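Numbered according to the working numbering, the sequence shown spans residues 21 to 442.
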Amino acid sequence: MELITKDLLINFLFVLLPLFLMQMFYLLKYSYRFERFKDTWFVIFLLISLAMCMFFPFSFGNGFTWDLRRVPLLLGFLYTGPKNGFLLLAALLLIRYFVGGSGFYVTLWSYTAMAILAALVSKYYIKMPLKQKLLSSVLLVFISMLLTYFAAIKVSDISLTTNMWIVYFLLNIVSMWIATAIWEVIKTNLDVLQKLIKAEKLDIVSNLAASISHEVRNPLTASRGFMQLSHESSISPETKEYIRLSIQELDRATDIINDYLTFAKPTPEKMEKILVHQEIHQVVNILTPLANMNSVNIKLSFKENESFHVLGERKKLEQALINIMKNGIEAMESGGEMFIEIEYEVQRLCINISDTGKGMTQMQIDRLGEPYFTTKEKGTGLGLMVSFSIIQSMGGSITVRSEIHKGTCFSIILPVIAVKMS
């Protein structure tokens, strides 16, 4: 019994290996500015863990082996999806086949059944709260152990003591619980680290914006006034065109400065009840000419008899919506459709703004709202940075989903202060 426990505890160290490797690699990413690590790396580390567990098992004389391979396999299904999970399963079965012994058929039957169940659960797992994740992972291991237990008795006619089975059950369950908890803690720490880095960048920009913007805007306003006077005087058409372009660029510079000022002071100055669908109609009316120029059809999907009120400053919410919708329209260079819908949950309102544009990679999504980051050739990144700042000042949040060549969806979530159905 002591030998079994010792071998399985060594397996437990192999289970923890991919978790700590991923943490180390993510920290190196932030220290040395590596690119984002994809799920592929996690799958590779899980594969190494799975193989190490199988190469150092506790073996019985009849070819039946005990190890903790099901833990990295389940982590692969739950955190990287069914596709990567089945790749890990194929590797597991291949290794087990070459190891040999009658236990292969027990593995084939029980692990395939477990994999199908894990694939079904994985669709909902990521969205679960921590307690449900821990419970789900432990239940999956327990069901998997029961499948192995009955398969071992029926298929291979393996006879082991009750104490041995209890130890095996407990070590698998405890290992899965600890591995899930550790990975969730690591993910939380990495998310906090990412937010701290982003907050540090935004804080620097915010401090600079307030002090510089006022100093720059005054001479720009004076310059524009004199240029406007020159444009109206009797000068050659060629010179007028140059002055017109100069005024246009000065206006663009003024807009950028205004964005900086809004970002530096995003908190609403005049709090008021805002009727959401009315503001959306207003923004759509403003952007309709731009949409027509880009052959974009804007479709609204919400009931006019449902009135949702949020608390904030009308002009700033309008500005945030304009920035997001304008980006979506400009992303559809060859035309397309923009869908705007309102969903109501308990005390929360979700405004979904989706387009059929070129889409973004996950790396681009992660950097949205950072200073100076933009996917447009002539963009500054300030528009979205301001939008994120305004929505956060209203107690809301923005989430982004996107697929390359399919489109992007911005979900603006705001707290609701009043709901009226007519």
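Every residue, glycine too, gets a C-beta built ideally from N, C-alpha and C.
Here the structure is a predicted model, which is why all the values come from computation and not from measurement.
Beta-bridge annotation (DSSP): Asp-87 is not paired with any residue. Note that the region 355 to 364 touches the region 309 to 327; at least 3 beta-carbon pairs, one per stretch, sit closer than 8 Å. When the Cα atoms are used, Ala-273 and Lys-346 turn out to be separated by approximately 18 Å. Between Leu-159 and Val-141, the alpha-carbon positions lie close to 11 Å from each other. A buried status is given to Thr-85, since no fewer than 16 other beta-carbon atoms sit within 10 Å of its beta-carbon. In the DSSP assignment, the residues bridged to Pro-435 are Arg-368. Looking only at Asn-104, Pro-102, Thr-127, the smallest Cα-Cα distance to Leu-114 is reached by Thr-127. Counting C-beta pairs closer than 8 Å gives fewer than three between the region 363 to 370 and the region 423 to 430, which falls short of the contact rule. Met-291 sits away from Ser-266, with the two beta carbons spaced by 7 Å or more. The criterion of a C-beta distance shorter than 7 Å is not satisfied by Met-134 and Ser-156. The region 326 to 339 makes contact with the region 409 to 425: 3 or more CB pairs, one atom from each, lie closer than 8 Å. Glu-333 sits in coil when the DSSP states are folded into three classes, being neither helix nor strand. Annotated as distal: Asp-375 and Met-405, with beta-carbon spacing of 7 Å or more.
Separation of the CB atoms of Leu-98 and Tyr-145 is rounded to 5 Å, and the pair is thereby assigned contact status at 8 Å. For the pair Leu-47 and Leu-37, the Cα-to-Cα distance works out to about 16 Å. Taken atom to atom, the span from the alpha-carbon of Ile-318 to that of Gly-96 is near 40 Å. Put simply, the backbone Cα of Lys-215 is about 31 Å away from that of Ala-139. Put simply, of Tyr-131, Glu-350, Met-148, Phe-76 the residue whose alpha carbon is nearest the alpha carbon of Leu-167 is Tyr-131.
Here Thr-259 is exposed. Its C-beta has fewer than 16 other C-beta atoms within 10 Å. If you draw a straight line from the Cα of Val-187 to the Cα of Lys-147, it is about 32 Å long.
Residue pairing from DSSP places Asp-375 in a beta bridge opposite Met-358. Scanning its chain for C-beta atoms nearer than 6 Å, with the 5 sequence neighbours on each side dropped, one finds around Trp-129 the residues Ala-171, in chain order.
In the DSSP annotation of this structure, the continuous segment of the alpha helix (DSSP H) that includes Ile-300 starts and ends at 296 to 313.
In the DSSP secondary-structure assignment, Ser-417 is bridged to Ile-433. With respect to Leu-108, Val-35 sits apart: the two C-beta atoms are not nearer than 7 Å. The beta-carbon separation of Phe-76 and Asn-104, rounded to 24 Å, does not stay under the 8 Å limit for a contact. With respect to the C-alpha of Thr-100, the residue from Thr-381, Phe-62, Pro-257, Ala-110 having the closest C-alpha is Phe-62.
Setting aside the 5 residues that flank it on each side, Ile-202 is surrounded in the same chain by Leu-39, each with a C-beta closer than 6 Å to its C-beta; the list follows chain order. Rounded to the nearest whole angstrom, the C-alpha separation of Leu-388 and Thr-381 is 11 Å. As the crow flies, the alpha-carbon of Arg-244 is around 12 Å from that of Glu-252. Exclusion of the five residues before and after Phe-189 leaves Met-165 as the residues of its chain whose Cβ lies within less than 7 Å of its Cβ. When the Cα atoms are used, Tyr-125 and Phe-65 turn out to be separated by approximately 26 Å.
Pairing Ala-340 with Ser-431 gives a Cβ-Cβ distance that is not under 7 Å.
DSSP places Lys-143 in the uninterrupted alpha helix (DSSP H) bounded by 123 to 145. Per the C-alpha coordinates, the member of Leu-210, Phe-106, Ile-198, Arg-264 positioned closest to Phe-45 is Leu-210. A straight-line Cα-Cα distance of about 28 Å links Thr-308 and Pro-435.
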